[in-house]
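Residue numbers (our numbering): 274 to 729.
Comments concern the structure below.
Spelled out as C-alpha cells, the structure:
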C-alpha cells in the first residue's frame with residue numbers, strides 16, 4: 274500500500290476538501306442545526322439574526338459539508354474515469370479555499386448589522402462562490418465533456434452537476450446583490466426555492482446519483498446500466514430546470530397557476546429520477562454481495578441512504594401530486610420535510626457510507642482498527658434516528674405549531690453533530706496514523722492484515 278506522503282497530486286488534493294467539509298459541518302452546519310431549534314424552544318431572543326443564521330446554516334450544509342465532500346471525491350475520481358491526468362491543477366487547488374472562505378464569510382456577515390462592511394463581505398462571498406464554481410466546472414468539463422472519455426453515464430451526472438453548481442452560484446449572486454441594493458437582512462425568502470433546488474437536486478444529488486449508479490453496482494453484482502444512467506441524469510436535469518426555471522419566473526416576473534404547476538410537474542420528474550437511481554444501483558435487488566467482509570457494516574450507510582432516497586421520492590410524489598391537482602405550490606412544511614429527508618437521510622448517510630468505503634484513510638483504517646463494528650452500528654442508528662426526528666415535526670405540519678415542535682429538531686441536530694464529530698475524528702486519526710514512517714511497509718501491512726483476519 275502506498276504511503277500517504279507519496280501519493281499523486283489528485284490523490285492528496287481530496288484531503289483538503291474532506292477536512293474543510295468536516296470543519297464546516299461540525300463548526301457550522303450541524304452545530305447550527307442543533308442551536309437554531311434550541312433557541313426557539315428555549316425562547317432565546319436572537320431577533321432577526323435567527324433567520325439569517327438559518328439561511329447560513331443551509332448553505333453550510335449543502336455547499337460546505339455536502340458540496341466540498343462531493344467536489345473532493347469528484348476531483349479524485351475524474352482522472353480515473355477520463356483516463357488522463359487532472360486538468361488545470363492550479364485551478365483545482367484554488368477551488369476549496371474559494372468555496373470555504375465564501376461560506377464562512379457569508380455565515381459571519383449575514384447576521385451582522387446593516388453596514389458597508391457587511392455589504393462588501395456579502396458581495397465578496399458571492400463572487401468567491403461563483404469563482405470557485407466556475408473553476409470546478411472548468412475542470413469537470415475539460416475532463417469529461419470530450420470525445421474519448423471513459424466516464425460513461427457518470428460523466429453525464431458530473432457534467433450536469435457542475436453546470437448546476439455554477440447556475441446556483443449565479444442565482445446566489447443575484448440574490449446577494451438584491452440584499453445589498455435594497456438593504457435586506459435576508460435573501461428573499463420567496464426566491465429561495467429555485468436556489469435550493471439547483472444546489473441540492475441539481476448539484477449534490479446529481480453527483481451522488483452518479484456515484485450510486487457507478488460504484489454501488491460494483492458491490493451489488495449488477496452490471497452498470499450505461500444507457501439507463503444517461504437517461505436518468507438527463508431526466509433529473511430536466512426536472513431541476515423545470516422547478517428552478519418556473520420558480521425564478523414566478524419570483525421575478527409574475528405568478529400564475531400554470532407556472533406553479535410547471536414547478537410541481539418538475540418535482541414529480543425529479544422523484545421519478547430518484548427512483549431510477551435506486552433501481553440502477555441494484556442496492557435492494559443485488560445479484561451478489563461483493564462487499565468485502567471488513568466493509569459490510571459500513572455499507573449499511575449506503576443502503577440507508579438509498580432507502581431514504583425512496584422515502585424522499587415518495588414524499589415528493591405525494592406532496593407535488595396533490596399540489597399539481599390543486600394548482601398550488603408546496604407549503605413550507607412540505608418543502609421542509611423533503612429538504613431535510615434529502616439532507617440528513619440521503620446526503621449525510623451517503624457521505625459517511627461512501628467515505629468509509631472508498632476514502633483511502635478509511636480503507637487503511639479497516640486494517641488498523643478492525644474491531645469498530647459496534648461503533649459504526651451506533652453511528653448508523655444515531656443518524657437514522659436524527660433523520661426521523663427531523664422529519665417528524667415537518668410531517669405534522671400545522672397540527673404541531675407549539676414550541677415543543679422544536680425539541681425533536683434540536684435532538685436531531687445534536688445526534689447528527691455527534692455522528693459527524695466521530696466520523697471526523699476517525700478520519701483525522703487515520704490520516705495521522707498513516708503518515709507515520711513505515712506505515713505502508715510490507716511488514717506493517719502484513720501485521721495489520723493478520724490482525725484484521727483474526728477480527729473478522
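For glycine and all other residues, C-beta sits at the position ideal for the given N, C-alpha and C.
If you're wondering where the values come from, they're calculated on a predicted model, not measured in any experiment.
- For the pair residue 603 and residue 700, the Cα-to-Cα distance works out to about 39 Å.
- The three-state reading of DSSP puts residue 384 in coil, since its state is none of H, G, I, E or B.
- The C-beta of residue 558 has fewer than 16 other C-beta atoms within 10 Å across all chains shown, which makes the residue exposed.
- Secondary structure remark: continuous beta strand (DSSP E) runs of at least 3 residues inside the stretch 347-422: none found.
- A check of alpha carbon separations from residue 489 across 594, 553, 344 and 707 identifies 553 as the nearest.
- Collapsing the DSSP output to three states places residue 573 in a helix.
- Within 10 angstroms of the beta-carbon of residue 372 lie 16 or more other beta-carbons, which makes it buried.
- If you draw a 10 Å sphere on the C-beta of residue 537, you find 16 or more other C-beta atoms in it, and that means buried.
- For residue 504, the enclosing alpha helix (DSSP H) covers residues 499-525.
- Within the stretch 418-481, the complete alpha helix (DSSP H) segments of 4 residues or longer fall at 426-455 and 465-469, listed in chain order.
- Taking C-beta atoms under 8 Å as the contact rule, residue 370 and residue 322 fail to qualify, at a distance of about 27 Å.
- Using a Cβ distance threshold of 8 Å, residue 626 and residue 584 do not count as a contacting pair.
- Taking 8 Å as the cut-off, the Cβ atoms of residue 550 and residue 493 do not count as close.
- Judged by their CB atoms, residue 507 and residue 438 are not nearer to each other than the 8 Å cut-off.
- A distance of 8 Å or more separates the beta carbons of residue 308 and residue 336.
- Here residue 471 is near residue 441, since their CB atoms are less than 8 Å apart.
- Buried is the label assigned to residue 445, since at least 16 other Cβ atoms lie within 10 Å of its Cβ.
- Here the stretch 413-427 makes no contact with the stretch 380-397; the two share fewer than three CB pairs at distances below 8 Å.
- Given a length threshold of 4 residues, each whole run of the alpha helix (DSSP H) inside the stretch 609-659 is given here in chain order: 622-631 and 633-641.
- Taking residue 702 as reference, the option from 512, 635 and 427 with the minimal CA-CA separation is 635.
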